[in-house]
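These notes concern the structure reproduced below.
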Amino acid sequence: MTPTSTATARGAVISASALEFQPREGCSVATAVGPHLGARIVRLDVVRIPPGGAWRPEESVAEENVVVVFAGSGTAASGAAEQRVERADTVYAPTGDAYGLTAEDAGLTAYVWHTTLRADRSPGTAPRRFSRLWNEETQLKGFTGVGNDEASEKTATMNFLFWPGTGSPQLCLHCGFMQPGEYFNVHVHPESEEAFFAFEGEGQLHLDGAWYDARPGDVLYAPPGVPHGTRHPVDDPSAPRFATCGGPTPFDPVLYERAGVSTKVR
């Protein structure tokens, strides 16, 4: 299927072309995932910053935030730390620290996850603030999944960018990349809301029993307990890889246990 947008009580797949941007503080913002889809834990915004513009939302200090630069370049701030960023760079701002983005001459587009930290969770002691989608230092391979579809043995690779091991107590950021024929097998998160988007290449997103064609910028939202996954169903081995990024909120310890790493927040 190739929907412009499909949304039900069991989740949603939103085409990038269906995002509705509104002007805010000199930028344009679209809420891809939020209360309008029934999400109560996570919000995913898409922010477009004009050339030379800046995005510094005051409310971010009260939230945990993760940023992925989708297009353009500029400077990112997380608390007092700053770093130049470009496409595929990522930023983490723990609760208590604001984040900010300043665009260079070509402007900057970012996908930003937000959550309010639960009372039983505390920020890490020295969290990682900057990373990149292609950071391979901690990975999950061979994920068999759980769901209605038979698991494929041609499994994708997932990079862990922000997770308990880097000091993130609730949000996480993973990047799954699939070569032709590979799957990140269908699975569920019993207590987490999943929000992710297609970053590069073309592939398919699974939601609640159906597969949907996806292109860069398209978003998937799965409520707790709803099956979801991704695949690159192309026979041509020379086709470009398909990559998605995002993650369940709050983080699902099963993913880290499958990868053989600690689920303790550092």
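Numbering (this note's numbering), first residue to last: -17 to 248. Idealized CB from N, CA, C, for every residue including glycine.
| Check | Outcome |
| --- | --- |
| Rounded straight-line distance, which links the Cα of VAL49 to that of TYR74 | 6 angstroms |
| Cut-off 6 angstroms between Cβ atoms - residues of its own chain near SER55, not counting five sequence neighbours on either side | GLU68 and GLU86 |
| Buried or exposed by the 16-neighbour rule on C-beta atoms within 10 Å, applied to ARG111 | buried |
| Residues bridged to TYR165 [DSSP beta-bridge criterion] | THR137 and ARG213 |
| Those residues which DSSP pairs with LEU155 across a bridge | PHE144 |
| Completely contained alpha helix (DSSP H) runs for the stretch 93 to 132, where each covers 4 or more residues | none |
| C-beta contact flag for ALA180 and ALA138 at 9 angstroms | no |
| Alpha carbon of VAL164 to alpha carbon of GLU176, nearest angstrom | In the sequence under discussion, the amino acid at residue 164 is Glu, which differs from the Val named in the question. Approximately 21 angstroms, taken between the alpha carbons. |
| Proximity of ALA(-2) and TYR203 at Cβ, strictly below 9 angstroms | no |
| Integer-rounded CB distance, given that ARG114 should sit under 8 angstroms from ARG161 | Note that residue 161 is Gln in the sequence shown here, rather than Arg. Not quite, the Cβ-Cβ distance comes to about 19 angstroms (not below 8 angstroms), so this is no contact. |
| Cβ-based burial, GLU2 [other Cβ within 10 Å; buried from 16] | exposed |
| Limits of the alpha helix (DSSP H) - the one that ALA0 falls within | No alpha helix (DSSP H) holds ALA0; DSSP gives it neither H nor E. |
| Three-state class that DSSP yields for SER55 in the structure shown | strand |
| Beta-carbon separation (whole angstroms), ALA241 vs GLN152, contact threshold 8 angstroms | In fact, because the Cβ distance is near 19 angstroms, the residues do not count as touching under 8 angstroms. |
| C-beta contact flag for GLY8 and PRO32 at 9 angstroms | yes |
| Reduced DSSP category for PRO219 - H, G, I as helix; E, B as strand; rest coil | coil |
| For TRP116 and GLY89, the rounded distance between their alpha carbons | 22 angstroms |
| Run of the beta strand (DSSP E) containing LEU237, from where it starts to where it stops | Careful: LEU237 lies outside any beta strand (DSSP E), inside the alpha helix (DSSP H) at 235 to 241. |
| Cβ pair count under 8 angstroms reaching 3, the stretch 181 to 191 against the stretch 205 to 212 | yes |
| Nearest neighbour of THR77, chosen from THR57, GLU46 and THR97 [CA to CA] | GLU46 |
| Chain-order list of residues whose beta-carbon lies under 7 angstroms from that of THR97 (same chain, five-residue window excluded) | ILE23, VAL24, GLU45, GLU46, GLN152, LEU153 and THR231 |
| Classification of ARG18 by the beta-carbon crowding that lies within 10 angstroms, buried from 16 upward | Note on residue identity: the sequence assigns His, not Arg, to residue 18. Under this definition HIS18 is an exposed residue. |
| Proximity below 9 angstroms, CB of THR84 to CB of ALA62 | no |
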